[in-house]
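J.: For what it's worth, this note's numbering labels the leading residue of the sequence shown as 149, then goes sequentially. Even for Gly, the Cβ is constructed at its ideal location relative to N, Cα and C. Just so we're clear, the structure is a prediction, and the values are computed from it rather than from any experiment.
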Amino acid sequence: MQKDNKRPYNDYGNWIKKRLGHKVQKISVDAGFSCPNRDGSIGKGGCIYCNNAAFNPAYCSDTAGRMSQEEALPLETENIRLQLERGKEFFSRKYPDMKYIAYFQSYTNTYASTERLKALYEAALNVEDVVGISIATRPDCVSAELLDYLEVMSRRTFLTMEYGVESLNDDTLKIINRGHDSSCAIIIIKDTHARGITTCIHLILGLPDEDEDEILRQADIVNSLPIDILKLHQLQITRGTLLEKDVSLQRRCTLFTPEEYVRLLGKYIKKLRPEIVLERFTSQSPSELLIAPRWGLKNHEFTHLLERHLSEQS
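(1) Pick from HIS457, ILE424 and LEU454: whose alpha carbon is nearest that of ASN158?
(2) By how many angstroms is the C-alpha of LEU397 removed from the C-alpha of ARG167?
(3) Tell me the residue span of the beta strand (DSSP E) that contains GLN382.
(4) Starting from PHE450, trace the alpha helix (DSSP H) both ways and give me its first and last residue.
(5) Could you say which of GLY180, GLU276, HIS350 and LEU321 lies nearest to PHE429 if we only look at CA atoms?
(6) Measuring straight from C-alpha to C-alpha, what distance separates HIS170 and LYS242?
(7) Assign GLU310 to buried or exposed, taking buried as 16 or more other Cβ atoms, counted over all protein chains shown, within 10 Å of its Cβ.
(8) When you compare the region 262-278 with the region 311-328, are there three or more beta-carbon pairs, one atom per stretch, that lie closer than 8 angstroms?
(9) If I'm right that ALA440 touches ILE385 with Cβ under 8 angstroms, what's the distance once you round it to whole angstroms?
(10) For a quick check, are the C-beta atoms of PRO356 and CYS401 less than 9 angstroms apart?
(11) Measure the alpha-carbon distance for CYS183 versus TYR259 and round it to whole angstroms.
(12) How many Å lie between PHE306 and TYR255 at the Cα?
(13) With a threshold of 16 other CB atoms inside 10 Å of the CB of GLU358, please say whether the residue is buried or exposed.
(14) Once you ignore the five residues that flank SER433 on each side, which residues in its own chain have a CB closer than 8 angstroms to its CB?
(15) Span of the beta strand (DSSP E) holding GLN332?
(16) Can you list, in chain order, the residues of its chain whose CB lies under 6 angstroms from that of THR285, leaving out five sequence neighbours each side?
(17) Throw me the rounded Cβ distance for the LEU390 and ILE196 pair, which I believe falls under 8 angstroms.
(18) Buried or exposed: ARG304, going by 16 or more other Cβ atoms within 10 Å of its Cβ?
Written out as structure tokens, the structure is:
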């Protein structure tokens with residue numbers, strides 16, 4: 149598939165509009181999940197860059213915490229509906245004809261029983277004007293049973309599985325307290341894609357001990373994987389993280405300037421198949437939480453810089 153827009157790469161906005169036939173907005177949903185490297189299942193503290201602020205959504209009160217799962221599930225599904233309705237109200241003021249994708253974003257959104265997950269996902273899909281679902285998760289938290297269900301779901305609605313791979317270097321994955329290795333990610337990516345499910349991976353650029361050569365080496369691996377969508381962003385140090393506390397580890401990270409990051413992405417993108425959809429290049433943490441790097445650029449302003457650089461290099 150060739151790029152079908154004026155941008156110098158296959159951008160997500162144009163791709164999803166062509167795929168679904170109308171303009172679509174993602175609405176983030178926090179279903180109150182945790183992560184196995186946070187709750188003690190495989191580790192404590194979470195990934196070194198992950199901010200734990202506002203971990204529990206409002207509905208996870210002490211009362212709900214004392215309920216059985218059967219009692220709590222109706223509250224959880226209603227909370228999903230309310231979050232989506234609030235998101236729709238916000239976006240519809242400007243775009244009244246917008247359709248929506250329910251984006252299960254916070255933490256590990258497959259980290260529960262299959263029955264609970266089915267109830268939450270179906271609650272989202274039952275909201276009017278929600279035309280699809282995107283599920284962000286870890287490579288080590290997706291069972292064959294869940295993939296069986298998601299494979300069937302993908303035949304009746306738009307579905308994307310978004311895997312937080314973060315790095316394809318096993319040494320790096322140990323340093324950042326990820327709790328899985330690169331082979332785990334590669335296996336689940338191949339399995340998901342083989343089932344016909346739209347497959348997205350997420351990577352962070354600038355992690356400890358990963359210089360430009362290492363990042364570009366991994367780009368070759370990314371290009372060899374059967375992925376549909378790629379999301380990248382620069383490493384950021386935020387308050388309340390393990391990385392904030394470890395100054396020696398910070399020195400091993402690469403905190404790019406906008407100019408350095410643009411040049412790196414220019415090289416990175418050239419290594420990728422043109423049909424890979426590029427959804428994101430940066431992350432923008434809240435100012436009150438961000439320590440470094442402070443660019444003073446909005447995401448769309450950075451994207452403009454990158455597109456200009458790519459056009460000049462073509």
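T.: In brief:
(1) ILE424
(2) 42 angstroms
(3) 377-382
(4) 447-461
(5) HIS350
(6) 15 angstroms
(7) Sixteen is the threshold: when 16 or more other Cβ atoms of the shown chains lie within 10 Å of the Cβ of GLU310, as they do, the residue is buried.
(8) no
(9) 5 angstroms
(10) yes
(11) 7 angstroms
(12) Taking the straight line from one Cα to the other gives about 21 angstroms.
(13) buried
(14) ASN199, GLN384 and THR386
(15) Here residue 332 is Cys; the residue named in the question, Gln, does not match the sequence. Note, CYS332: premise wrong, no beta strand (DSSP E); alpha helix (DSSP H) at 330-342.
(16) Only THR256, ASN257 and THR258 meet the Cβ criterion.
(17) 4 angstroms
(18) Exposed, because fewer than 16 other Cβ atoms sit within 10 Å of the Cβ of ARG304.
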